[in-house]
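Participant:
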Amino acid sequence: MTIRARLLFGFALVGLALVAAPLALYMRQSSRALQLARQERSGMVPVKTLLKLVQLLQQHRGLSSGVLEGRQTMETQRAAKQIETNKAVAAFDAIVRSDIRDATLIDEWRRAVDTWKGLARDVSSRSITSEESLTGHTALIADTLKLLDLILDYFDLSYTETGQDYHLIMALLVRLPTLTEFLGQARAHGTALLVQKRVTLADRTVLVGLLSNVQRQHDFMARELDKAMALNPRTKVDLGNFAQKSMTLAQQAIDLARTRVVEVETPDYSPADYFVQFTRAVDGQFALLDHAMVNLEATLRARVAALRNEQIGLIVFMALVVAFSAWLATVLIRTIRQDVAAEAKRTEAELAGAALRRLNDLLEQEARRIAHALHDEAGQLLAVVHIALDDCARDLPPAARERLHEVRGHLDQIEEQLRRLSHELRPTILDNLGLVPALKFLAEGISKRTGLPITVDGSTEGRLPASIETAIYRVVQEGLNNATRHARAGSVSIQLQREDRQIRCAILDDGVGFNLSAVLAQAGDRGLGLIGMQERLKALNGALQITSAPDQGTALRITIPLEA
Numbered sequence: 084m085t086i087r088a089r090l091l092f093g094f095a096l097v098g099l100a101l102v103a104a105p106l107a108l109y110m111r112q113s114s115r116a117l118q119l120a121r122q123e124r125s126g127m128v129p130v131k132t133l134l135k136l137v138q139l140l141q142q143h144r145g146l147s148s149g150v151l152e153g154r155q156t157m158e159t160q161r162a163a164k165q166i167e168t169n170k171a172v173a174a175f176d177a178i179v180r181s182d183i184r185d186a187t188l189i190d191e192w193r194r195a196v197d198t199w200k201g202l203a204r205d206v207s208s209r210s211i212t213s214e215e216s217l218t219g220h221t222a223l224i225a226d227t228l229k230l231l232d233l234i235l236d237y238f239d240l241s242y243t244e245t246g247q248d249y250h251l252i253m254a255l256l257v258r259l260p261t262l263t264e265f266l267g268q269a270r271a272h273g274t275a276l277l278v279q280k281r282v283t284l285a286d287r288t289v290l291v292g293l294l295s296n297v298q299r300q301h302d303f304m305a306r307e308l309d310k311a312m313a314l315n316p317r318t319k320v321d322l323g324n325f326a327q328k329s330m331t332l333a334q335q336a337i338d339l340a341r342t343r344v345v346e347v348e349t350p351d352y353s354p355a356d357y358f359v360q361f362t363r364a365v366d367g368q369f370a371l372l373d374h375a376m377v378n379l380e381a382t383l384r385a386r387v388a389a390l391r392n393e394q395i396g397l398i399v400f401m402a403l404v405v406a407f408s409a410w411l412a413t414v415l416i417r418t419i420r421q422d423v424a425a426e427a428k429r430t431e432a433e434l435a436g437a438a439l440r441r442l443n444d445l446l447e448q449e450a451r452r453i454a455h456a457l458h459d460e461a462g463q464l465l466a467v468v469h470i471a472l473d474d475c476a477r478d479l480p481p482a483a484r485e486r487l488h489e490v491r492g493h494l495d496q497i498e499e500q501l502r503r504l505s506h507e508l509r510p511t512i513l514d515n516l517g518l519v520p521a522l523k524f525l526a527e528g529i530s531k532r533t534g535l536p537i538t539v540d541g542s543t544e545g546r547l548p549a550s551i552e553t554a555i556y557r558v559v560q561e562g563l564n565n566a567t568r569h570a571r572a573g574s575v576s577i578q579l580q581r582e583d584r585q586i587r588c589a590i591l592d593d594g595v596g597f598n599l600s601a602v603l604a605q606a607g608d609r610g611l612g613l614i615g616m617q618e619r620l621k622a623l624n625g626a627l628q629i630t631s632a633p634d635q636g637t638a639l640r641i642t643i644p645l646e647a
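Residue numbering for the sequence shown follows my numbering, starting at 84 and increasing by one per position.
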């Protein structure tokens, strides 16, 4: 493989490694979004159960008032409604026991249950008045609506990120229950006034306040529904008629209360007809709620499915990225080994030792460039893929799980191969930064560690062959080590100069110097680490010159020829 092709493969692998981090981040965000969507969907059953309880409490309130006011014909209905309400309480209590872990929510629910039991007992025994029953029911319904708000928060339905879902939830689960409660209070209060056939100023004020609240919640709900329908035309098709009917019934009830109770001196309208009209308005709101909940549940299911499919697609893409990275790494390693073998065969006869050192350097230089990408980024990406696969598998049918199991098996094979390849490689600062930046980094580190000022001057006018950069870096490193250990220098200067056909490097210190001949005679080349320096330079047809004298410092001068 040519040098250009090898470089292209290397750049491709580095590019894939750079993609790994954003892919991993996006995978985490996708998993979080899927988790939230599942949480929202799981909250639909508790919400529907609690809304049903609100409806039953409102109905029981009206029937209880009638019974306590002397209309015994309503007792059978009231008793049946109490049984139905008890069943709804038990159903939601089972949900709280199995699915709810929030202490505040549990405490609120326990208080509501106790209140309901006492209220139902008092109504059954006729131990409270109609007014006390009305007040008690209204307070209990307010507590239940507070519980509904806590449930919405607990299942993240209050914080949904999708605009259409948000507006539907605000209309159906926040505005509409409050609207039905104000309608129920207006029904009870207006019916009582019509039974009495007299209305005081205080009575009118209370009823006007209730009707104002009904109108305000009615308007709020209408705006939220309009926004939801604007974002999703399908919602308008599914809910448009029900929304229009519910709003018409609410407006008719408001108009009836104003014209036949608030604005007349002596009301003579039938209490039963008034009760029926408001009951139709309340039932119309709950009819809208029933149909809209089906639409909302379908929307949440679709969002979960879309997020899951998106995540599966991302997992497949990430697996392909990792597989392609592994293939590139395999090709590069195989190519390097082939180059090493070919070069060793060509130079074995005359320069076996030097050639092996040079080829080992080449292998190190080529391998270090991809080691970091294989070990860190690709490894991290594989870990995220495994987590995402486990997350997705929970919602998939058995056949799809088998397919994901096969994907996991392939990923395990890829991970094993990447681990084996990465163990053969190691990163190098020289390859990442180039010779001059690497020397400056080296000098800065030694200066910080020893306090010896070291400067690096000059330029290589671009990158040098990797073998030359490595050789100069290692020789300078050994020279600086000698200077810090023996020279007692005040400063060290590293000078680089590139000429037409050669590169020069000098390491100069102003230390105590030494008698070169005496040192060489006493310790030989090993005393100054000269053997390693000379072998590196000899392999490149380079030369090393050392000059020193007592009190005159030391100079190491390197010369390496460059290819034409």
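The C-beta atom is built at its ideal place from N, Cα and C for all residues, glycine as well.
Out of curiosity, what's the CA-to-CA distance linking Leu235 and Val130?
Facilitator: So the alpha carbons of these two residues sit roughly 8 angstroms apart.
Participant: What first and last residue would you give for the beta strand (DSSP E) that runs through Arg281?
Facilitator: Taken as a continuous stretch (DSSP letters only), Arg281 belongs to no beta strand (DSSP E), as it is neither H nor E.
Participant: Can you round the beta-carbon distance between Ala333 and His301 to whole angstroms, since I take them to be within the 8 angstroms contact cut?
Facilitator: Confirmed, Cβ separation roughly 5 angstroms.
Participant: Give every residue of the same chain whose Cβ lies closer than 7 angstroms to the Cβ of Arg571, excluding the five residues on either side of it in the sequence, and list them in chain order.
Facilitator: Here the set comprises Gly594, Val595.
Participant: Under a three-way DSSP split, which group does Gln635 fall into?
Facilitator: Gln635 falls in the coil class under three-state DSSP.
Participant: Leaving out five residues on either side along the sequence, give the residues of the same chain with a beta carbon under 6 angstroms from the beta carbon of Gln628.
Facilitator: Result list for Gln628: Arg640, in chain order.
Participant: Output needed for Leu339: all residues of its chain with C-beta closer than 6 angstroms, excluding positions within five of it in sequence on either side, in chain order.
Facilitator: Taken in chain order, the residues that qualify are Gln360.
Participant: The alpha helix (DSSP H) with Glu479 in it runs from where to where?
Facilitator: Here residue 479 is Leu; the residue named in the question, Glu, does not match the sequence. Unbroken run through Leu479: none, as it is neither H nor E.
Participant: Buried or exposed, going by whether 16 or more other CB atoms sit within 10 Å of the CB of Arg619?
Facilitator: Arg619 should be labelled buried.
Participant: Considering only their Cβ atoms, is the gap separating Gln138 from Phe358 smaller than 9 angstroms?
Facilitator: Contact: no.
Participant: Return the CA-CA distance between Val377 and Asp182, expressed in angstroms with no decimal places.
Facilitator: Computed Cα separation, rounded: 22 angstroms.
Participant: Kindly indicate which three-state DSSP category Asp190 falls into: helix, strand or coil?
Facilitator: Helix, per DSSP.
Participant: Exposed or buried, which one is Met312 when buried takes at least 16 other CB atoms within 10 Å?
Facilitator: So Met312 counts as buried.
Participant: Can we say the segment 220-229 touches the segment 193-203, given the rule of at least three CB pairs closer than 8 angstroms?
Facilitator: Yes, the segment 220-229 is in contact with the segment 193-203.
Participant: What did DSSP end up calling Ser574 once you bin it into helix, strand or coil?
Facilitator: Three-state result, Ser574: coil.
Participant: Determine the direct distance from the alpha carbon of Val257 to that of Glu307, and round the result to whole angstroms.
Facilitator: The straight-line gap from Cα to Cα measures roughly 10 angstroms.
Participant: Hey, which unbroken runs of the alpha helix (DSSP H) at 4 residues or more fall wholly within the segment 172-238?
Facilitator: List check, alpha helix (DSSP H) in window: 186-208, 213-237.
Participant: Check whether the Cβ atoms of Phe325 and His374 lie closer than 9 angstroms to each other.
Facilitator: In contact: Phe325 and His374 (Cβ atoms closer than 9 angstroms).
Participant: Is the distance from the Cβ of Gln585 to the Cβ of Pro633 below 9 angstroms?
Facilitator: For Gln585 and Pro633, no; Cβs fall outside 9 angstroms.
Participant: Looking at Thr642 and Arg568, is the spacing between their C-beta atoms short of 9 angstroms?
Facilitator: It is not a contact, given that the beta carbons lie outside the stated cut-off.
Participant: What's the gap between the Cα of Met330 and the Cα of Arg384?
Facilitator: Using only the alpha carbons, I get a separation of about 28 angstroms.
Participant: Between the C-alpha atoms of Gly273 and Ser125, what's the straight-line distance to the nearest angstrom?
Facilitator: For Gly273 and Ser125, the distance between alpha carbons rounds to 39 angstroms.
Participant: Between Ala482 and Leu464, what straight-line distance do the alpha-carbon atoms span, to the nearest angstrom?
Facilitator: Roughly 25 angstroms between the two C-alpha positions.
Participant: So what does Ile529 bridge to, in DSSP terms?
Facilitator: None, per the DSSP bridge assignment.
Participant: Given a threshold of 16 other Cβ atoms within 10 Å of its Cβ, counted over all protein chains shown, does Glu552 qualify as buried or as exposed?
Facilitator: By the neighbour-count rule (16 or more Cβ atoms within 10 Å), Glu552 is buried.
Participant: Please identify the residue among Glu561, Asn598, Val399, Leu579 whose C-alpha is closest to the C-alpha of Gln617.
Facilitator: Residue Glu561 is the option with its Cα nearest to Gln617.
Participant: At the level of alpha carbons, what is the spacing between Lys328 and Glu264?
Facilitator: Going from the Cα of Lys328 to the Cα of Glu264 covers about 18 angstroms.
Participant: Using C-beta distances below 8 angstroms, list every residue in its chain close to Tyr556, excluding the 5 sequence neighbours before and after it, in chain order.
Facilitator: For Tyr556, where only same-chain residues beyond five positions count, the Cβ hits under 8 angstroms are Leu513, Leu518, Ala521, Leu522, Leu525.
Participant: Roughly how many angstroms lie between the CA atoms of Lys621 and Gln421, to the nearest whole one?
Facilitator: Distance between the alpha carbons of Lys621 and Gln421: 25 angstroms.
Participant: What are the start and end residues of the alpha helix (DSSP H) that includes Arg144?
Facilitator: Note, Arg144: alpha helix (DSSP H), 127-151.
Participant: State the Cα-Cα distance for the pair Ala474 and Arg111, rounded to the nearest angstrom.
Facilitator: Checking the sequence shown, residue 474 turns out to be Asp, not Ala. Answer to the nearest angstrom: the Cα atoms are 11 angstroms apart.
Participant: Which residue marks the beginning of the beta strand (DSSP E) containing Arg568, and which one marks its end?
Facilitator: Neither: Arg568 is in no beta strand (DSSP E) and is coded neither H nor E.
Participant: Quick check on the burial criterion: 16 or more other C-beta atoms within 10 angstroms. Buried or exposed for Leu134?
Facilitator: The residue in question, Leu134, is buried, as its Cβ has 16 or more Cβ neighbours within 10 Å.
Participant: Taking the beta carbon of Thr637 as the centre, do at least 16 other beta carbons fall within 10 Å, making it buried, or is it exposed?
Facilitator: Classification of Thr637: buried, given that the 10 Å Cβ count is 16 or more.
Participant: Measure how close the beta-carbons of Val172 and Arg161 come, nearest whole angstrom, since I'm counting them as under 8 angstroms.
Facilitator: Val172 to Arg161, Cβ: 16 angstroms. No contact.
Participant: Grab me the residues of Leu591's own chain with a C-beta within less than 6 angstroms of its C-beta, minus the 5 sequence neighbours each way, in chain order.
Facilitator: Closer than 6 angstroms at the Cβ level, and outside the excluded window around Leu591, lie Ser576, Ala638.
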